[in-house]
Every structure is written in structure tokens, then in C-alpha cells.
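Line by line, the protein sequences give chains V and A. First residue of the first sequence: 21, per the numbering used here; consecutive thereafter. First residue of the second sequence: 21, per the numbering used here; consecutive thereafter.
There are 2 protein chains.
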Amino acid sequence: MRWSEIGGERCSIARTLSVVGERWTMLVLRESFRGVRRFEDFQQRTGASRPVLAERLRQLTADEVLRRERYAEKPDRYEYRLTAKGLDLYPVIVSLMSWGDRWMDDGSGPPLRLTHLACEGPLAPTLACGTCGDPVTARDVRATPA
Amino acid sequence: MRWSEIGGERCSIARTLSVVGERWTMLVLRESFRGVRRFEDFQQRTGASRPVLAERLRQLTADEVLRRERYAEKPDRYEYRLTAKGLDLYPVIVSLMSWGDRWMDDGSGPPLRLTHLACEGPLAPTLACGTCGDPVTARDVRATPA
DNA sequence: TCAGTGGGTTCTGTTTCAGAACGTAGCAGC
DNA sequence: GCTGCTACGTTCTGAAACAGAACCCACTGA
């Protein structure tokens, strides 16, 4: 099977990866969540090559994760902003970061600190059950085909 | 910058992607969480080609996300099982799945249903603040360099 | 003796990628 | 009017990664 065909699988993980699973795509989104909007800035901050970045931005726009908006005329200039669909990827980004903080630390501690604005405490991101609100690990869950 | 060098960045997201960001790796882990342990089964269920699968299993083992264990002798047979480090990737998998359920539905509903064993309710996975326990979205968080 | 199983490796043609160069449409300074 | 500078890409070329098929090896069972 070709990687480009995983979007057709009946699996939400595979379908999500067909949108955000390409090389560099997650780093583009990381920068989007940090407020980056312009091609040059994405290029510099992610390190992706220009052709690949152009392709990723095109695809993310087609998938409605980003929205391409003109911010200047003559010549036309566009920037890329997260849509609601894109903003909803935040838990993915945060869980990747959280795992890296815990398991990929080189001894110098987490590169970024997240503060929960509502309680002013450290975010300490947790996977919780939406029904009872308790924290959840892999062992607490049963999966059944729908 | 080459993709193979992102592990050296001072960013937990980039570092995590250096472990789980290759094509097929997430699908291998998806199957691991479903209990799959053997090469042939991974190959059939993920759709990755045999050389790529072999390489991914090798790398995940080197990164201590999976552990390679002999389950038979003459000839030796090995299986791949999640370590604690691997099990801790569960929030990443679940958040990918949750986003796919919400945004990539083709009209036939979620392919898999998750039940939280503690409360017997649907998991409805949520990103929560570990300090106050409340649900969190992208807008509720401030990031500061450490 | 012959087929089947499990876990890979090897080989070959195709696809994707990295980096540099180029294009384009304006603007600022001189 | 000429020279750079900015922003956002596209084009080109050699290198790397991938997909699928074939093969290898050490057994087992018929």
C-alpha cells in the first residue's frame, strides 16, 4: 500500500495522518499555534525546504486546516491562519510536546512552559475521560468496533 | 535542513517526531495498542511494505518504544511489545483518533468506540489541565520559553 | 519430498526530498 | 533609471526513501 492512500482507510487515526502525517506538517502547525503566518517565517522556523513548505501549505489549505488570506495588495501577499478545524488539533500538538518533555529531555528541562490561563497554574496536560473527568491511561480503556 | 536531523532541535515536538514522525510508525503503534505483536500481523494490518516495516520496528526498538522479545526457539521468533515509554504515547494516538472522528467522518460514524473502564461511559477523550482538572483549548494557554 | 509458516533481506523502478537558482512584482534610495 | 531589498513562491538536479516482488533460512507437518 502506498502512504498516499491511507486517507481511504476506515480508521480515524489513518485519516488524521493523511492530513497531518507528512514530514514537516506538524512543525508547520506548531509554528501556526505560536502565531506564525507567513511563508518566510514558516520556512525559517521549521527548516523545511521551500518546495516542500509550499506543498504542505497548499495541502493544509485544501484540507481546511489553514486558511489562506490576503494581507497586502500590489503585489498580493498571503498569510496562513488556523481554522477551527486546525485549532482543534491542539491536543495532538500538546500531547506530542508533553511526551517529548517527559521522554526526550536531554537534561536541560522542557524548552517551553505552558500556563493554563484559567487557573494560572502549569498546564501539565492530561488525557481525561469526557464522561467522568478522571485522567486516563492506555490500560483504562476498552475499544470496540462500531 | 534534513528531516533526519529534527531530533537535534531544542523542541519537544520535534524530538517526539524524530521517534514517531516517520511514515507508518504511528500505524505500527496503533496496532501495538490493539495487541498486535508480530511482524506478519503488523505488515498485514498497517499495509507498510516489508522493508519499511522492518526498519520502523528496528528504530522503535532502538528508541525503546517497543521491546523485542523472543517467544519461540528453533527457529528463533521475536515479537514486539510496548514499553512504558511506548504506552505513554497513548494520549497522542487517542488525540489523533479523536480529531479524525470529529473532522474526517465520511458519514458512517466513528470506526471505533472507546469505553472508559472506570466509569463504563464513552471515553470522549479530552485535554485537561493537570493542575485544576478543567478542559483546555488552544486559547486557554500561554507558552513561555523556559 | 514437498508445501507452508514466520521473519526478515535484496533488488529494481518510482516518488519524494534538499538545496540552490530563478521569477515576479512592487518599493526605497540615489 | 538603476540597484538593491522584500515576500512568495517555482524550477531544476542529484540524493534519499519507498513499494512491491522475489528470495533466503530454519524449521514443521503431511
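All C-beta atoms, glycine included, are put in the ideal place defined by N, C-alpha and C.
Could you check if Tyr91/V is buried or exposed, using at least 16 other CB atoms within 10 Å of its CB as the buried criterion? A residue is called buried once 16 or more other Cβ atoms fall within 10 Å of its Cβ, and Tyr91/V, having fewer, is exposed.
So, are the CB atoms of Gly41/V and Met21/A less than 8 Å apart? no
Tell me whether the beta-carbon of Arg43/A lies closer than 8 Å to the beta-carbon of Trp23/V. yes
Short-range partners of chain A found in the segment 67–100 of chain V, where Cβ spacing is below 7 Å: Answer in chain order: Gly67.
With DSSP collapsed to three states, give me the class of Arg88/A. strand
Closest to Asp160/A by CA distance: which of Ala163/V, Glu140/V, Val161/V, Asp160/V is it? Ranking the options by Cα distance to Asp160/A, first place goes to Glu140/V.
Determine the direct distance from the alpha carbon of Arg97/A to that of Leu107/V, and round the result to whole angstroms. 45 Å
Assuming contact is defined by CB atoms lying nearer than 8 Å, are Arg57/A and Arg88/A in contact in what I supplied? no
For chain A, is any of its Cβ atoms less than 8 Å away from the one on Asp160/V? yes
Please name the residue or residues paired with Cys149/V in a DSSP beta bridge. Pro145/A
Neighbouring residues, chain V, relative to Phe62/A (Cβ below 8 Å): Chain V residues near Phe62/A: none, gap ~13 Å exceeds 8 Å.
Could you tell me which whole alpha helix (DSSP H) segments of length 4 or greater appear in the segment 22–100 of chain A? Within the segment 22–100 of chain A, the complete alpha helix (DSSP H) runs of at least 4 residues are 32–40, 45–53, 59–66, 70–82.
Using a Cβ-Cβ distance cut-off of 8 Å, determine whether Phe59/A contacts chain V. no
Do the CB positions of Pro131/A and Ser32/V come within less than 8 Å of each other? yes
Hey, quick one: how far does the alpha helix (DSSP H) through Pro111/A stretch, first residue to last? Unbroken alpha helix (DSSP H) run through Pro111/A: 110–123.
Report all residues from its chain with a CB closer than 8 Å to the CB of Leu73/A; omit the five preceding and five following residues, and keep chain order. Trp44, Val48, Phe59, Phe62, Gln63, Thr66
Environment of Gly120/V [buried if 16+ CB atoms lie within 10 Å]: When all chains shown are included, Gly120/V counts as buried.
Using a Cβ-Cβ distance under 8 Å, would Val114/A count as near chain V? True, the Cβ-Cβ gap to chain V drops below 8 Å.
C-beta neighbour in chain V for Gly127/A, strict 8 Å: no
Return the first residue and the last residue of the alpha helix (DSSP H) that Ala104/A is part of. 104–107
Sequence-distant residues of the same chain with beta carbon closer than 6 Å to Ala68/V, five excluded per side: Trp44
By the criterion of Cβ-Cβ separation under 8 Å, what are the contact partners of Val56/A in chain V? By Cβ distance, chain V contributes nothing, its closest Cβ being about 13 Å from Val56/A, past 8 Å.
What does the alpha-carbon distance come out to for the pair Leu134/A and Arg30/A? 35 Å
How far does the beta strand (DSSP E) with Arg133/A in it reach, from first residue to last? 132–136
Does any CB atom of chain A fall closer than 8 Å to the CB of Thr103/V? Under the Cβ distance rule, Thr103/V does not count among the residues neighbouring chain A, no pair being separated by less than 8 Å.
Can a CB atom of chain V be found closer than 8 Å to the CB of Val48/A? no
On a CA-only basis, which of Arg54/A, Ala138/A, Ile26/A is nearest Pro165/V? Give me that one, please. Of Arg54/A, Ala138/A, Ile26/A, the residue nearest in Cα terms is Arg54/A.
Residues of chain A with a CB under 8 Å from the CB of Arg65/V: which are they? Simply none; closest approach about 10 Å.
Per DSSP, which one or two residues make a beta bridge with Arg162/A? Partner(s): Thr135/V.
Work out the CA separation of Pro155/V and Thr146/V for me, nearest whole Å. 7 Å
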